[in-house]
């Protein structure tokens, strides 16, 4: 069976090779220089201790990077076999739950029920409820899936899944966490891989999120950067295919039942049963693959405490697993596989790498403790080439998903809260209580968030004092010898400040996530109907964009019909706002009076798509932009648009019914602003038999007078009136361009203040 190993054309492959070898050679030169020429012998025991500590951390980090870059430079992408639909086997779909909200499970179960398959009767969906909740049993009955629970609740998720396996009989087992919604192509994308070879253990698909993760959201970067886990599932996992060390992620996975039976089911007695189970399956000789295609989407943690508890659980679980399963003693794993897993474990010691990276320049600036004995010239010769090649390799080989800068930010954010758990687990002191990551949206007070920011804030403050001291010494001693320390402190201060911004958080702006999606939608009333497409949509509403400013009575609701593939959702909606955008107007609507059945249909439409969040970093984003964005957005006032009618600027003169020249300045179907008359009633001759009628509403001084339009309903659907509006829009665009050229727009009246 074929595998795809390239990342593009021959030039791209050559560039990857050059970057990898450049990184390797400069790293070897650097580590040799660091080992034999930079250790601070003769500067005291404390200096030597921290100098060796830093060197060891750098050396192990380079080994990890070398192993990782090698896999990324030659990733193995398994080719999906073409399989006769008749041969597709039966599949048991297990969805474990403990205390998650019912509505969250409803979305996941609807996604599971909508999975496409040649013979749908071969799919068996089981809701595995470890919370023994009557509402979950009722949900399973309502949606027509099986419900399973157990009497003794031992071994958490692994025990729950193993209990469910007792009633399963299919050759394949799919596992989804409670918050992970399978897309309808999940089985069609994963099942064929089990026909590649006889012993395929599992197929791991990415864990993608439909909501911005906390790193994106708290740093006001949900439109700028991918979610933090993207790098792992879309690059790191693919790099692990070659050595067969793909990590079982615990969800969005299709597993061989025989492989599970061969290892005694899901591994119990460990925190991360998925990590351990995957390792044991590979130890039995099964080949496991990660694929790049998103086949399920889920909810990322929405509060800081849950995020840190999740990472603590992962860190402890991975370290614990190596000890409990005796990784080095597993005879079925090759040396390269063991190195791959050890590299994965070493990642969780990143907090100790980050600690010394932050402390080293502070020790010199504050206490004159020299950790690295070097000169500026030596840094430029030995360190800078290694740093440049490593950064370029990471960005290129990760296809723009990750850079060194963002890796440093993520690791700086996490490190204070993983130092102690990692140390305890290393010495076998286990976590006393297992906690499930919260799956519901929560908000935390500013005071609570400030407490989380204290470690970073203290280190940032110390770093700023250290920077000031180094600058002072550079001027007093008239030397650039301290430039290295200055640069080092500056990078650390930036990472720490971004960490403080992260901890301070950001208030949630909406109750449900919005997808950028074009879905067929029909808006209608008793007398009107418009067929168009959504520009974005969420559980709460949607918006559309139109080059023409159509009119619906804002006081009356609309009938909405959404359709995508075989799903149709029908409900009512009210207008929320209308605002002018480039190329037209954007209309935002809120769903109202949505029945249970129609909401389920909406779920089927809404969550059967990949997230519309960024999948790669922009080419050029400066550090200054990161900081200025966070400062500006945190102090900016939130603005909302509540205009419910499309406002059309006109600035044309017409005759009224007394043959007086009247300037029509703007119009929104219900009101018009005119200049040149204040009569109680007016009729403007728009030519072509069109007459616009209005009744005086309010005088606006020199700006003009506001009139209520009395015949908008009659004119609205007339082709000649629509043509007139189109011509007004075109003329106004030209006039606006000219006004901008002259240095600014004229003062314009905002009629929304008076409606």
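Residue numbers (the working numbering): 1 to 755. No residue lacks a Cβ here, since even glycine has one placed at the ideal position from N, Cα and C.
So residue i and residue j are in contact, right, with Cβ under 8 Å, and what is the actual spacing, rounded?
| i | j | result |
| --- | --- | --- |
| residue 645 | residue 578 | 6 Å |
| residue 558 | residue 569 | The Cβ separation is near 14 Å, so there is no contact. |
| residue 418 | residue 315 | 6 Å |
| residue 207 | residue 249 | 6 Å |
| residue 234 | residue 292 | 6 Å |
| residue 317 | residue 271 | 4 Å |
| residue 657 | residue 682 | 7 Å |
| residue 548 | residue 302 | That pair is no contact at about 39 Å. |
| residue 611 | residue 370 | About 48 Å separates the two Cβ atoms, so there is no contact after all. |
| residue 228 | residue 259 | That pair is no contact at about 30 Å. |
| residue 313 | residue 428 | Not quite, the Cβ-Cβ distance comes to about 17 Å (not below 8 Å), so this is no contact. |
| residue 42 | residue 304 | In fact, because the Cβ distance is near 44 Å, the residues do not count as touching under 8 Å. |
Tell me, please, which residues DSSP counts as bridged to residue i.
| i | result |
| --- | --- |
| residue 661 | 655 |
| residue 182 | 296 |
| residue 561 | 522 and 570 |
| residue 643 | Answer is none; residue 643 lacks a bridge partner. |
| residue 481 | Answer is none; residue 481 lacks a bridge partner. |
| residue 254 | 174 and 203 |
| residue 577 | 588 |
| residue 124 | 92 |
| residue 732 | None; residue 732 has no bridge partner. |
| residue 97 | 129 |
| residue 675 | 663 |
| residue 396 | Paired residue(s): none; residue 396 is not in a bridge. |
| residue 705 | 674 and 699 |
In the structure shown, what three-state DSSP assignment does residue i receive?
| i | result |
| --- | --- |
| residue 146 | strand |
| residue 16 | helix |
| residue 51 | helix |
| residue 754 | Low confidence applies here, because residue 754 scores a pLDDT of 38, under 50, leaving its location unreliable; read the following figure in that light. Note: residue 754 maps to helix in three-state DSSP. |
| residue 266 | coil |
| residue 538 | coil |
| residue 201 | strand |
| residue 141 | helix |
| residue 585 | strand |
| residue 761 | Residue numbering for the chain in the displayed model covers 1 to 755; residue 761 lies beyond these limits and cannot be assessed. |
| residue 515 | strand |
| residue 685 | strand |
| residue 303 | coil |
| residue 34 | helix |
| residue 431 | coil |
| residue 369 | coil |
| residue 284 | coil |
| residue 387 | helix |
| residue 208 | strand |
| residue 745 | Low per-residue confidence applies at residue 745: pLDDT is 46, beneath 50, and the placement is therefore not dependable, though the value from the model is reported in the following sentence. Reduced to three states, the DSSP call for residue 745 is coil. |
| residue 667 | strand |
| residue 555 | coil |
| residue 636 | coil |
| residue 273 | helix |
| residue 714 | helix |
| residue 596 | helix |
| residue 418 | coil |
| residue 463 | helix |
| residue 7 | Confidence in residue 7 is poor, its pLDDT being 48 and thus under 50, which makes the residue's placement unreliable; the coordinate value appears in the next sentence. Residue 7: coil per DSSP, three-state reduction. |
Compare the C-beta of residue i with all C-beta atoms of chain D and state if any pair is closer than 9 Å.
| i | result |
| --- | --- |
| residue 596 | This model lacks chain D altogether, as it is built from one protein chain only. |
**OP:** Answer yes if the segment 177–194 comes into contact with the segment 97–106, meaning at least three C-beta pairs across the two stretches below 8 Å, and no otherwise.
**Re:** yes
Original post:
Does the segment 203–213 come close enough to the segment 131–147 that 3 or more CB-CB pairs lie under 8 Å?
Top reply: no
Original post:
Residue ranges of each alpha helix (DSSP H) run of no fewer than 4 residues wholly in the segment 40–93, ordered along the chain?
Top reply: 45–73
Original post:
Would you say the segment 15–29 touches the segment 63–83, given that touching needs at least three Cβ pairs under 8 Å?
Top reply: yes
**OP:** At 3 residues or longer, and completely inside the segment 216–252: list those beta strand (DSSP E) runs for me, N to C.
**Re:** none
Original post:
Given 8 Å as the limit, is there contact between the segment 141–150 and the segment 105–116, that is, 3 or more CB pairs closer than that?
Top reply: yes
Original post:
If you scan the segment 313–360 from start to end, which runs of the beta strand (DSSP E) of 3 or more residues do you find wholly inside it?
Top reply: none
Original post:
So, do the segment 675–685 and the segment 659–667 have three or more beta carbon pairs nearer to each other than 8 Å?
Top reply: yes
Subject >> Inter-stretch contact (C-beta, 8 Å, three-pair minimum) for the segment 277–297 and the segment 326–334 >> reply: yes
Original post:
Taking three-plus beta-carbon pairs below 8 Å as touching, is the segment 248–266 in contact with the segment 527–546?
Top reply: no
Original post:
At a cut of 8 Å, does the segment 445–457 reach the segment 395–405 through at least three beta carbon pairs?
Top reply: no
Original post:
If we count Cβ pairs, one from each stretch, closer than 8 Å, do we get three or more for the segment 630–639 versus the segment 600–616?
Top reply: no
Original post:
Is it a yes or a no for the segment 487–505 touching the segment 359–377, going by three-plus beta-carbon pairs under 8 Å?
Top reply: yes
Original post:
Does the segment 149–169 come close enough to the segment 71–89 to have 3 or more Cβ pairs within less than 8 Å?
Top reply: no
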